[in-house]
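**Student:** According to my numbering, the stretch in the sequence shown is residues 1410 to 2007, in order. Using N, Cα and C, we set each Cβ at its ideal position, and we do this for glycine too. Below is one structure. I have some questions about it.
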Amino acid sequence: MKVIVSAGVSCALLVGAAYAQEAADAVAPEEATQGEAQALTEAALFAQAKKAAGKVVESTDWMIAAANPLAVEAGAAVLDAGGTAADAMVAVQTVLGLVEPQSSGLGGGAFLVWYDAEVGELTTLDARETAPLAATPSLFQDEAGEPLKFFDAVVGGLSVGTPGTPALLEDAHRRWGKANWGSLFEAGIALADEGFAVSPRMAQSIARDADRLSRFPETAAYFVPNGAPLAEGQIVQNKAYANVLRALAAEGADAFYTGAIAADIVKTVQTAEGNPGVLSETDLALYTVKERPAVCATYRAYEACGMGPPSSGALTVGQILGLLGQYDLAALGAENPESWRLIGDASRLAFADRGRYMADSDFVPMPTQGLVDNSYLAERAKLLAGETALESADPGTPVFDHAGLAPRWADDQSIEFPSTSHISIVDQYGNVLSMTTTIENGFGSRLMTNGFLLNNELTDFSFRTHKDGVPIANRLEPGKRPRSSMAPTIVMQDGKPVLAIGSPGGSRIIGYVAKTIIAWADWGMTVQEAIELPHLVNRFGTYDLEEGTKATDFEQGLTDLGYEVNVRGLNSGLHAIEIGETLKGGADPRREGIAIGG
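Here it is in structure tokens:
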């Protein structure tokens, strides 16, 4: 059975099931404004109801959790037909790029963490964008050597790095796929050809960014036609995107990285009015996905494993957990300000190391293993033994991976605004995928070509190259991959996966993921309860508390402990799957995602 939502139908059950409300307590949705919205399966409607009730979705064979119901349905159909988690990811990503274009797509990049059930091993794939070969370290500085303002750098061609997502789709499928490659694009092609209903989140994002989206003709024609931002429920077709998917289905990733599509990407970047970039066809032709070993950190009976450099995600999440492993958070509980003092200052210490040491390890020496070494973290954890907030959180001195004199780095000064999307999948074969995917800022560079947006990933580099004459590890260099905070994570116990998790949210991703793991591992919450637990995030000293939630109950207590407190929106997009006798999926009520199992 499928349910159609038609224009003129005002029904909380139907429209509310089609797209999740932004808050945990749903309100009656507005009517669709044009045409018909896509039909949702009973499984999707069930998933919406479970999320609204704060309950996990449970299944025995497979599970998928991602950021939009249409994308989750596409992946679920692949899994139900016997496909692997890698197969399903291709279908999910190609639909997400259409229905959630502000967050990820073919013009961006991703990190993928994979547990291979057949061999019992973890690995990661790095599909982070790369800096063009013609880029210089001072790319984001003015003539006086001062950093550009953030959006002056973002909007236009200057910020565009070489996309990695199409190469990742092909690489993951080649390694671990079972389904026919071309079939995995069918859902995306059909939705792009026939039209999809603009979701509430997409409409809100367009309305907020309409001025920037209007700067470039192709982008404006799609998102702000005739000067009016696309509205919730409006039916949108994207024939150009469908044609790109057809090319990928028929020819593989080469169709993107060479030929007409590549030429269009380069022309769009290099001719962007007011802010042209330096990406070339050579950069596209040379792009490769890199397989890297997973970075793991011990926490209680678990190991939290994820993507190493150029991501700071696994290292910083791992450091937070490793520091807290010395303290009994289970006994303290989630309602105790002391728990949040420990979590907040552990995060501050981890972010201090992140700012000093973490960057693309292909370009700079990294103390990767030293940062998550148990003895190093045990010593650092002693700094948390006080009763009030740390007066300052300074970097430590981890052991570098290679012998010799440790380099001297200055603290990073890059800016990272939240966007991005996360996908968690477990297939019937026992494989586990955790993948975070992005075009960086909402709508990326705002440049569009062939129906998809191009990233602004280069602005994840530090705009400054040095501080007081000391080089910054995350400075821009040709071919380098900018540091990220994406933290796709697979938690292991006794060599087996027990949790797949990740989130969007800029550098706050790290706090969202760490908090959710703690809530699940220490406080006995289900994955859905742990996801829904209000956010309290501290990166650099100020404690961010999620507005409109019980997090604000801690405002006075944390102030008394010596923190500056900021109540604000903290819009994560956590998607998690607990792996045990059954599979239990959870999706963040702060966004539109769902979990479907079979």
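So, with DSSP's three-state summary, where would you put Gly-1597?
**Tutor:** Reduced to three states, the DSSP call for Gly-1597 is helix.
**Student:** Is Asn-1975 helix, strand or coil when you go by DSSP?
**Tutor:** Asn-1975 falls in the strand class under three-state DSSP.
**Student:** Could you check whether Thr-1858 and Asp-1692 sit closer than 8 Å to each other, using their CB atoms as the reference points?
**Tutor:** No, Cβ-Cβ distance for Asp-1692 and Thr-1858 is not below 8 Å.
**Student:** Using the C-alpha atoms, what's the distance from Val-1528 back to Ser-1809?
**Tutor:** The sequence as given places Phe at residue 1809; Ser does not occur at that position. Distance between the alpha carbons of Phe-1809 and Val-1528: 31 Å.
**Student:** Give a yes or no on whether the C-beta atoms belonging to His-1984 and Gly-2006 are separated by under 8 Å.
**Tutor:** For His-1984 and Gly-2006, no; Cβs fall outside 8 Å.
**Student:** Does DSSP put Tyr-1785 in a helix, a strand or coil?
**Tutor:** Here Tyr-1785 sits in helix by DSSP.
**Student:** How long is the line joining the alpha carbons of Asn-1975 and Ala-1706, rounded to whole angstroms?
**Tutor:** Going from the Cα of Asn-1975 to the Cα of Ala-1706 covers about 30 Å.
**Student:** Determine which residues share a DSSP beta bridge with Leu-1992 and list them.
**Tutor:** DSSP, once it has assigned bridges, lists Ser-1468 and Ile-1988 as partnering Leu-1992.
**Student:** By the three-class DSSP mapping on this structure, what secondary structure does His-1831 have?
**Tutor:** Three-state result, His-1831: strand.
**Student:** Does the distance from the CB of Thr-1874 to the CB of Pro-1541 come in under 8 Å?
**Tutor:** Contact: no.
**Student:** Could you pull out every unbroken alpha helix (DSSP H) segment of at least 4 residues lying fully inside the stretch 1613-1655, listed in chain order?
**Tutor:** Counting only runs of 4 or more, we get 1619-1622 and 1626-1632.
**Student:** Please go through the stretch 1466-1516 and give each complete beta strand (DSSP E) segment of 3 or more residues, from N-terminal end onward.
**Tutor:** Within the stretch 1466-1516, the complete beta strand (DSSP E) runs of at least 3 residues are 1466-1468 and 1472-1475.
**Student:** Taking 8 Å as the cut-off, does the stretch 1795-1802 touch the stretch 1479-1487 (at least 3 CB pairs, one atom from each stretch)?
**Tutor:** These segments do not touch.
**Student:** For the candidate residues Ala-1616, Gln-1646 and Val-1678, whose alpha-carbon lies nearest to that of Ala-1640?
**Tutor:** Ala-1640 has its Cα closest to that of Ala-1616, out of Ala-1616, Gln-1646 and Val-1678.
**Student:** Extract the residue ranges of the beta strand (DSSP E) inside the stretch 1856-1916, only unbroken runs of 3 or more that lie entirely within it.
**Tutor:** Runs found: 1898-1902 and 1905-1911.
**Student:** For Val-1607, which residues from the same chain have a beta carbon less than 7 Å from its beta carbon, with the 5 sequence-adjacent residues on both sides left out?
**Tutor:** Hits under 7 Å: Leu-1639, Ala-1640, Glu-1641, Gly-1642, Gln-1643 and Val-1645.
**Student:** My output table needs one value for Leu-1792: the three-state DSSP class, helix, strand or coil.
**Tutor:** DSSP places Leu-1792 in helix when its eight states are reduced to three.
**Student:** Considering only their Cβ atoms, is the gap separating Ala-1476 from His-1831 smaller than 8 Å?
**Tutor:** Yes, the pair counts as a contact, with Cβ atoms nearer than the cut-off.
**Student:** Below 6 Å CB to CB, which residues in the same chain sit around Val-1841 once its five sequence neighbours on both sides are set aside?
**Tutor:** Correct list, in chain order: Tyr-1524, Val-1835, Ile-1899, Pro-1906 and Ala-1909.
**Student:** Figure out for me which residue from Leu-1856, Asn-1850, Asp-1877 and Ala-1882 has the closest Cα to the Cα of Thr-1868.
**Tutor:** Comparing Cα positions, the closest option is Asn-1850.
**Student:** Thinking C-alpha only, which one of Ala-1474, Ser-1468 and Phe-1455 is nearest Arg-2000?
**Tutor:** Looking at the Cα atoms, Ala-1474 is the closest of the given residues.
**Student:** Where does Leu-1542 fall in DSSP's three states?
**Tutor:** In this structure, Leu-1542 counts as coil in the three-state DSSP scheme.
**Student:** Using a threshold of 7 Å, is the CB atom of Gln-1728 nearer than that to any non-hydrogen atom of the ligand SAM?
**Tutor:** You won't find the ligand SAM in this model; it holds no ligand whatsoever.
**Student:** Measuring CA to CA, which of Thr-1503, Trp-1590 and Ala-1794 is closest to Asp-1737?
**Tutor:** Considering only alpha carbons, the answer is Ala-1794.
**Student:** Out of curiosity, what's the CA-to-CA distance linking Leu-1577 and Phe-1963?
**Tutor:** C-alpha separation (whole angstroms): 42 Å.
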